[in-house]
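Student: These protein sequence lines map, in sequence, to chains A and B. The first sequence begins at 2 in our numbering and counts up by one. The second sequence begins at 2 in our numbering and counts up by one. Think of the CB as a built atom: it goes at the ideal place given N, C-alpha and C, for glycine as much as any other residue. A quick note: this is a predicted structure, and the numbers were derived from the prediction, not measured.
Protein chains: 2
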Amino acid sequence: MTQERHGPRERMVFSAAQLIRRGGVTATGMREVAAHARAPRGSLQHYFPGGKEQLVNEAVAWAGRYAGRRVARFLAGLDEPTPSGLFAAMAAQWTEEYTADGFAAGCPVAAATVDAAACADSTREAAAAAFATWRQPVAGALADMGVPAARAEPLATLMISTLEGAILMARAERDVRPLTTVVRELGPLLDAAVRPRPA
Amino acid sequence: MTQERHGPRERMVFSAAQLIRRGGVTATGMREVAAHARAPRGSLQHYFPGGKEQLVNEAVAWAGRYAGRRVARFLAGLDEPTPSGLFAAMAAQWTEEYTADGFAAGCPVAAATVDAAACADSTREAAAAAFATWRQPVAGALADMGVPAARAEPLATLMISTLEGAILMARAERDVRPLTTVVRELGPLLDAAVRPRPA
DNA sequence: GCGCTACTATGACCGCTGTCATAGTCGGAC
DNA sequence: GTCCGACTATGACAGCGGTCATAGTAGCGC
Numbered sequence: 002m003t004q005e006r007h008g009p010r011e012r013m014v015f016s017a018a019q020l021i022r023r024g025g026v027t028a029t030g031m032r033e034v035a036a037h038a039r040a041p042r043g044s045l046q047h048y049f050p051g052g053k054e055q056l057v058n059e060a061v062a063w064a065g066r067y068a069g070r071r072v073a074r075f076l077a078g079l080d081e082p083t084p085s086g087l088f089a090a091m092a093a094q095w096t097e098e099y100t101a102d103g104f105a106a107g108c109p110v111a112a113a114t115v116d117a118a119a120c121a122d123s124t125r126e127a128a129a130a131a132f133a134t135w136r137q138p139v140a141g142a143l144a145d146m147g148v149p150a151a152r153a154e155p156l157a158t159l160m161i162s163t164l165e166g167a168i169l170m171a172r173a174e175r176d177v178r179p180l181t182t183v184v185r186e187l188g189p190l191l192d193a194a195v196r197p198r199p200a
Numbered sequence: 002m003t004q005e006r007h008g009p010r011e012r013m014v015f016s017a018a019q020l021i022r023r024g025g026v027t028a029t030g031m032r033e034v035a036a037h038a039r040a041p042r043g044s045l046q047h048y049f050p051g052g053k054e055q056l057v058n059e060a061v062a063w064a065g066r067y068a069g070r071r072v073a074r075f076l077a078g079l080d081e082p083t084p085s086g087l088f089a090a091m092a093a094q095w096t097e098e099y100t101a102d103g104f105a106a107g108c109p110v111a112a113a114t115v116d117a118a119a120c121a122d123s124t125r126e127a128a129a130a131a132f133a134t135w136r137q138p139v140a141g142a143l144a145d146m147g148v149p150a151a152r153a154e155p156l157a158t159l160m161i162s163t164l165e166g167a168i169l170m171a172r173a174e175r176d177v178r179p180l181t182t183v184v185r186e187l188g189p190l191l192d193a194a195v196r197p198r199p200a
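Here's what the structure looks like:
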């Protein structure tokens, strides 16, 4: 996970996202981030003169880009792309992580949003942007699968909302069942939105 | 909201939930809770000898009971109860709060879950219990509406997951659209689960 | 060598946190 | 009155938070 090829700056952003994922924004300290990234503490103020706010915002933005990029990879892994298949793949990433590594971490964007009051407003904007960065490729993929343009965005919102909530419940209950449940229950609705394509 | 009729102990639990809702667990201080509840600081260690952990756990449990109790009230407010109507009512509570008071606060249970690493394991258990306390009446209501028993629980999980995620996105984007969107998109699926009742 | 820039290394500061210890104030019981 | 429990009031403590200031080092052009 921690690719040492990356420079210290990128490692710190990555580590920040990693730690925010676990305990939220307020609970993650700057010194902790530096230690986790095996980066010198002095580099913090050098690379992030904007302080914690800047670091957190970049971590959230990174998470949004990461989630967006994953969508393309999920699509590539599907034999024949369907909305339910995409949703299942998105959820599967979490079930796999949870069964393998435990339920320690959640979505960094969600964590940043929850800590909203404790953060600057710019962090909230970063979270909103991250959600948009994530939703856009999902909506695009749905459209490519034959979902009417008018419903692609709303369904993408539905998918991400449901996934985020299921992640939350799964963490609380230490059980992947919420994730598998929503995949099973929501799948038919998603596939039903596909208009018959020209065979 | 803050009913002065309640004793200082209850007020502190209530205030704790209120503040956790806004900024998360770590960002909420004990002194802050006492001040918000207009309760003497010395009462903290008197009523909550278990410290912050106890206070937070009780706040989370209170939130779970509150959400569960609301379900019955939502049902009472519906002319003819349908799954989509219940879901819409649950979401409406949030859209109303957000349009009236702004997007400052979220779900306290979600906040406690996100801060999991920063909290004791007992808090995670409290969050899991709160979700169960919430889900149970929802599933019961669905069953009463004619949803097959086998699907009542899964659909309740789906409803709560989706709602929690939509709350999250709405806060990040400072827009109730995610909430209205998921209500519109998920409604048909929920109502379709109702088996034809004897007319 | 000098000079410059990029980066690293510490140490100190102040504020806030949760918690503990101690003392004080009620209100009844008797 | 005395005694006692419930509750309140402060003050102090140790720890950690982010941030600033200052000094140091490495590399490179020249």
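State the Cα-Cα distance for the pair P82(A) and L56(B), rounded to the nearest angstrom.
Tutor: P82(A) and L56(B): Cα-Cα distance of roughly 48 Å.
Student: What does L156(B) touch in chain A if you count any residue whose Cβ is under 7 Å from its own?
Tutor: Among the residues of chain A, those whose CB is under 7 Å from the CB of L156(B) are E186, following chain order.
Student: Quick one: is Q19(B) buried, meaning 16 or more other Cβ sit within 10 Å of its Cβ, or exposed?
Tutor: buried
Student: Should the segment 145-164 of chain A be regarded as contacting the segment 114-121 of chain A, the criterion being three or more beta carbon pairs within less than 8 Å?
Tutor: no
Student: How far does the alpha helix (DSSP H) with L79(B) in it reach, from first residue to last?
Tutor: First-last for L79(B): undefined, no H or E at that position.
Student: Is the Cβ of E165(A) closer than 7 Å to any Cβ of chain B?
Tutor: True, the Cβ-Cβ gap to chain B drops below 7 Å.
Student: CB-CB under 6 Å to D192(A), same chain, minus the five flanking residues each way: which ones, in chain order?
Tutor: T83, P84, S85
Student: With DSSP collapsed to three states, give me the class of R136(B).
Tutor: In the structure shown, R136(B) sits in a helix (DSSP, three-state: H, G or I).
Student: Are there 16 or more other CB atoms within 10 angstroms of the CB of E97(A), so buried, or fewer, so exposed?
Tutor: exposed
Student: Give the residues of chain A in contact with D80(B), contact being defined as C-beta atoms less than 9 Å apart.
Tutor: The premise fails here: D80(B) is roughly 25 Å from chain A at the closest Cβ pair, so nothing lies under 9 Å.
Student: Alpha carbon to alpha carbon, how far is A128(B) from P179(A)?
Tutor: 14 Å
Student: Are the Cβ atoms of I21(B) and A68(B) separated by less than 7 Å?
Tutor: no
Student: Against chain B, does E174(A) count as a neighbour if the rule is that its beta carbon must be under 7 Å from one of theirs?
Tutor: yes
Student: Who are the Cβ neighbours of E154(A) in its own chain at under 8 Å, not counting the five residues just before and after it?
Tutor: So the qualifying residues of the chain are R136, A140.
Student: Just curious, the alpha helix (DSSP H) that F15(A) is in, first and last residue?
Tutor: 9-24
Student: What residues in the segment 93-127 of chain B have a beta carbon less than 7 Å from any beta carbon of chain A?
Tutor: Listed in sequence order: A105, G107, A111, A112, T114, V115, D116, A117, A118, A119, R125.
Student: If we require 4 or more residues per run, which alpha helix (DSSP H) segments fall completely within the segment 30-64 of chain B?
Tutor: 31-37, 43-48
Student: Note down the Cα distance separating H37(B) from M13(B), rounded to an integer number of angstroms.
Tutor: Taking the straight line joining both Cα atoms gives about 8 Å.
Student: Here's the rule I'm using: 16 or more other beta-carbon atoms within 10 Å means buried, otherwise exposed. How should A105(B) be labelled?
Tutor: It is exposed - the Cβ of A105(B) has fewer than 16 other Cβ atoms within 10 Å.
Student: What is the DSSP secondary structure of T3(B), reduced to helix, strand or coil?
Tutor: Only weak support is given to the placement of T3(B): the predicted model assigns it a pLDDT of 41, under 50, and the question is left unresolved by the model.
Student: Given that F132(A) touches chain B, what residues does it touch there, using C-beta distances under 8 Å?
Tutor: M170, A173, E174
Student: Could you check where the alpha helix (DSSP H) with T114(B) kicks off and where it finishes?
Tutor: 109-115
Student: Establish whether the CB of R66(B) and some CB of chain A are separated by less than 7 Å.
Tutor: no
Student: Listed in chain order, which residues of the segment 26-40 of chain B have Cβ atoms closer than 7 Å to some Cβ of chain A?
Tutor: T27, A28
Student: For M91(B) and A35(A), what's the separation of their Cα atoms in angstroms?
Tutor: 42 Å
Student: Please tell me whether R288(B) and G107(B) are closer than 7 Å, where the distance is taken between their beta carbons.
Tutor: The structure shown does not extend to residue 288(B), since chain B is modelled only from 2 through 200, so no value can be given for it.
Student: How long is the line joining the alpha carbons of W63(B) and A131(B), rounded to whole angstroms?
Tutor: 8 Å
Student: Less than 7 Å between CB atoms is the rule here; does L159(A) satisfy it with respect to chain B?
Tutor: yes
Student: So, with DSSP's three-state summary, where would you put G147(A)?
Tutor: If DSSP states are grouped into helix, strand and coil, G147(A) belongs with coil.
Student: Is F88(A) helix, strand or coil when you go by DSSP?
Tutor: helix
Student: Does any CB atom of chain B fall closer than 7 Å to the CB of L190(A)?
Tutor: yes
Student: Using Cβ-Cβ distances below 9 Å, what residues of the segment 42-70 of chain A are close to chain B?
Tutor: Cβ contacts with chain B: none found.
Student: Check whether the Cβ atoms of G147(B) and V195(B) lie closer than 7 Å to each other.
Tutor: yes
Student: Which of the three DSSP states is assigned to D176(B) in this structure?
Tutor: coil
Student: Going by DSSP in three states, G188(B) sits in which element: helix, strand or coil?
Tutor: helix
Student: Do D116(B) and V184(B) come within 7 Å of each other at the CB atom, strictly closer than that value?
Tutor: no
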